[in-house]
Structures are given as structure tokens and as C-alpha cells.
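What follows is a single structure, written as C-alpha cells, with notes after it.
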Amino acid sequence: MQVCATKSEFRRFLDDTRAAGRTVGLVPTMGALHAGHRSLMEAASAECDVVALTIFVNPLQFAPTEDLSKYPRPIERDLELAEAAGVGVVFTPTVEEMYPVPTATTVHLDGLTAPMEGAARPTHFDGVTTVVTKLFNIAGPCRAYFGEKDFQQLAVVRRMAADLDQPVEVVPSPIIREADGLAMSSRNIYLSIEDRAAALVLYRSLLAASELISAGERRASVVAAQLAADIASEPRAALEYAEVVDPLTLEPLDLLDVGTDVRLIVAARFATTRLLDNLGVRAS
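Under this note's numbering, think of the first position of the sequence shown as 10, with each following residue one higher.
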């Protein structure tokens with residue numbers, strides 16, 4: 010496994026890979042790798058000749074009040090996990106390498122970035138779209154693997170790649186969960202024992218809302234209200250949002266016609282740790 014610290018090294022490695030007739034699977038991450046990331050690397054390995062992992066904690070997507078300085082950076086452990094997963098090359102740039110001068114250009118996407126995470130973290134998605142565009146430009150033509158846990162981010166990146174004709178196929182991968190249902194996240198390490206147990210309310214509430222739809226409830230407002238109430242019933246959970254949306258446009262739904270694909274999306278804070286989760290459902 011080769012480790013590249015500079016953009017030029019990483020670009021040259023992948024250009025040489027494609028020149029040799031081999032395909033590239035890109036897995037962009039902020040490190041602190043877990044089984045969810047491993048599933049992305051394994052999916053890329055199964056479908057591409059060379060897996061390219063990026064590890065970069067992007068300051069542009071953190072607000073001043075957020076946990077940039079505390080974000081976990083276990084780089085040696087991450088490199089061991091990457092090599093074990095069959096990664097061929099890892100890009101580990103510094104902030105100075107990615108942003109050698111103050112950023113004067115950002116990438117902004119309208120619409121999809123406005124609700125949910127966009128409302129809660131107004132500068133977040135401009136940071137995401139800007140760094141992902143840079144990574145796509147550096148990596149070149151490839152398949153890029155993103156997890157469905159950050160469902161809004163996945164939708165934003167897919168739309169951005171299509172709108173800008175980026176030579177990248179964005180590939181979604183399912184959420185990986187702990188045995189008790191908690192969605193895997195690098196931020197789970199911040200949870201106290203009590204908050205870790207309380208956080209299970211997210212998945213339980215999503216499943217209950219899914220069952221409500223399966224039982225014939227067609228009013229999205231009723232489903233969203235139950236979802237919110239179930240999470241709010243957990244004293245340690247501070248609900249931020251509970252939405253029933255179209256999985257492509259992320260627009261709130263009204264009536265759930267038979268055969269309609271629905272995405273249930275929630276966010277809540279447990280002490281200082283903010284968690285996201287979501288579940289796809291088809292109205293039947």
C-alpha cells in the first residue's frame with residue numbers, strides 16, 4: 010500500500026493506474042475508520058482494480074463551534090485497517106497541502122443543501138462540496154463510494170457530480186450497524202455509556218415509523234410526528250429533526266402512495282454528541 014502526502018503524488022499514482030488499464034475506486038473519508046468505512050473499501054475492491062482511500066479532516070465543513078480540534082485522528086490505526094482491507098493507495102494531505110492559500114472559491118449547491126443538515130449547519134455543505142470537488146479533481150475518473158448514513162450528503166454529492174459533469178460515478182453503500190442497531194459513526198466514541206444506550210432510540214423510532222407505513226398510514230405528517238415523539242420520549246435525546254422525504258429531491262412528502270419510496274431521516278444530540286440516522290421504506 011502506498012501512502013501519498015501530496016496532491017501531485019496521489020494524482021500521478023492514479024493517472025499511472027488508469028494508463029495501465031486499471032479502474033479506480035475512491036473512498037473519501039475523514040479517518041477514524043470503522044466497519045462502515047471498511048464496507049466501502051470492500052465494495053470498491055470488489056468492483057474496481059485499485060482502491061484509493063483519502064483521509065482528511067476538512068476544516069471547511071466545521072463551524073467554529075463544532076468539534077474540529079477534537080475530531081479523532083488515529084492515523085496509524087487507520088493505515089493498518091486500510092491495508093488489511095486491500096487498499097492500494099492512501100492520500101493523507103495536511104490542511105496546508107489541500108488549502109495552500111486561503112480559499113477564495115467554494116462550490117455551492119442549491120435546494121438539496123437547504124433543509125435538515127443545511128438548516129442546522131449553514132456552512133457545512135459548502136465545505137463538503139468544495140473538498141469533494143477538489144478530491145474528485147485530484148483523483149480523476151473513478152467510482153466514488155459514499156455511505157448512506159449521511160444520506161443528505163450522498164444526495165448532494167450525487168447531484169453535484171451530475172451537474173458539474175465530473176468524471177465520477179457516485180456509488181451508495183448501505184448503513185452498517187452495530188449488533189444492537191446503532192449506526193456506525195466515528196462520533197460514537199464520544200458517547201458515554203448512558204448516552205450510548207439512549208442513542209438506540211434513533212433506530213427503534215425509525216423501525217416503528219416504517220412499521221406504521223407498512224400498516225397502511227399514508228399521511229407523511231402522521232409518520233413524522235410519531236417519529237419525532239418516539240425520539241423525544243428518550244430523556245437523554247435532544248431531537249433536532251425528524252423528516253419523511255423523497256429520497257431523490259429530499260423534499261417533504263405529503264401522501265405516501267402505494268409504491269412510493271420514502272426516506273425517514275433523523276438527527277438528535279446526546280449530551281455534546283450529534284448523531285444522524287435514516288431508513289429507506291417503500292409504501293405498500
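Glycine included, every Cβ here is placed at the ideal spot set by N, Cα and C.
I240 classed as buried or exposed, judged by whether at least 16 other C-beta atoms fall within 10 angstroms: By the 10 Å Cβ count, I240 comes out buried.
Under 9 Å between C-beta atoms of P176 and F145: Yes, the pair counts as a contact, with Cβ atoms nearer than the cut-off.
Cβ neighbour criterion (16 or more within 10 Å) applied to H117: It counts as exposed.
C-alpha gap between K16 and F279, whole angstroms: So the two alpha carbons sit approximately 37 Å from each other.
Every unbroken beta strand (DSSP E) inside the segment 136-171 [3 residues or more]: Under the rule that a run must span 3 or more residues, the beta strand (DSSP E) segments found entirely inside the segment 136-171 read 151-156.
C-alpha distance - F100 paired with A14, whole-angstrom precision: About 6 Å.
Alpha-carbon to alpha-carbon, M10 and V36: Just so you know, the alpha carbons of V36 and M10 end up roughly 15 Å apart.
8 Å CB neighbourhood of R291 in its chain, flanking five on each side removed: Cβ within range, chain order: G268, T269, D270, V271.
N197 in three-state terms, based on DSSP: Here N197 sits in helix by DSSP.
Separation of T38 from V66, as counted between CA atoms: Each residue's alpha carbon lies about 8 Å from the other.
L90 beta carbon less than 9 Å from that of Y154: Taking 9 Å as the cut-off, the Cβ atoms of Y154 and L90 do not count as close.
Alpha-carbon spacing of A233 relative to D174, whole angstroms: When rounded, the distance between both Cα atoms is 35 Å.
Three-way DSSP call (helix, strand, coil) for R31 in this model: Secondary structure at R31: coil, using DSSP grouped into helix, strand and coil.
Nearest-angstrom beta carbon gap, L200 and A208 [assumed within contact, 8 Å]: Contact check for A208 and L200: beta-carbon distance about 6 Å, within the 8 Å limit, so the pair qualifies.
Contacting residues, own chain, Cβ-Cβ under 6 Å from R186 (five flanking each side not counted): Hits under 6 Å: A192.
Buried or exposed (CB count within 10 angstroms, at least 16 for buried), K79: By the beta-carbon neighbour count (other beta carbons within 10 angstroms, threshold 16), K79 is exposed.
Straight-line Cα distance separating V137 from G30: If you take the alpha carbons of G30 and V137, they lie about 30 Å apart.
3-residue-minimum beta strand (DSSP E) runs that sit fully inside the segment 184-270, ordered along the chain: If we require 3 residues or more, the beta strand (DSSP E) runs fully inside the segment 184-270 come out as 246-254.
Same chain, Cβ closer than 8 Å to G149, five either side skipped, listed in chain order: Counting only Cβ-Cβ distances below 8 Å, and skipping sequence neighbours, we find R20, L23, D24, R27, V33, P176.
Opening and closing residue of the beta strand (DSSP E) in which A61 lies: Where A61 is concerned, the enclosing beta strand (DSSP E) stretches over 59-64.
Option in E157, I274, A276, C57 with minimal Cα separation from H46: Nearest of E157, I274, A276, C57 to H46, Cα basis: E157.
C-alpha gap between P256 and A41, whole angstroms: Cα to Cα, P256 sits roughly 28 Å from A41.
Residue environment, D189, which counts as buried when at least 16 other CB atoms sit within 10 Å: Here D189 is exposed, its C-beta having fewer than 16 other C-beta atoms within 10 Å.
Residues near D204 by beta carbon distance below 8 Å, same chain, minus five either side: Excluding positions up to five away in sequence, the list reads R245, F279, A280, T282.
Contacts around V179, its chain only, beta-carbon distance under 7 Å, and the 5 residues preceding and following it disregarded: A153, F155, V166, R167, A170, listed in sequence order.
Three-state class that DSSP yields for Q358 in the structure shown: Outside the shown range of the chain (10 to 293) lies residue 358, about which nothing can therefore be said.
For E106 and A128, the rounded distance between their alpha carbons: Distance between the alpha carbons of A128 and E106 is about 30 Å.
Inter-residue spacing [alpha-carbon to alpha-carbon] between A113 and D76: Inter-residue distance for A113 and D76 is about 24 Å (C-alpha atoms, whole angstroms).
For E92, the first and last residue of its enclosing alpha helix (DSSP H): Segment 84-93, the alpha helix (DSSP H) holding E92.
Reference D172, options G120, V275, S54, closest by Cα: Residue G120 is the option with its Cα nearest to D172.
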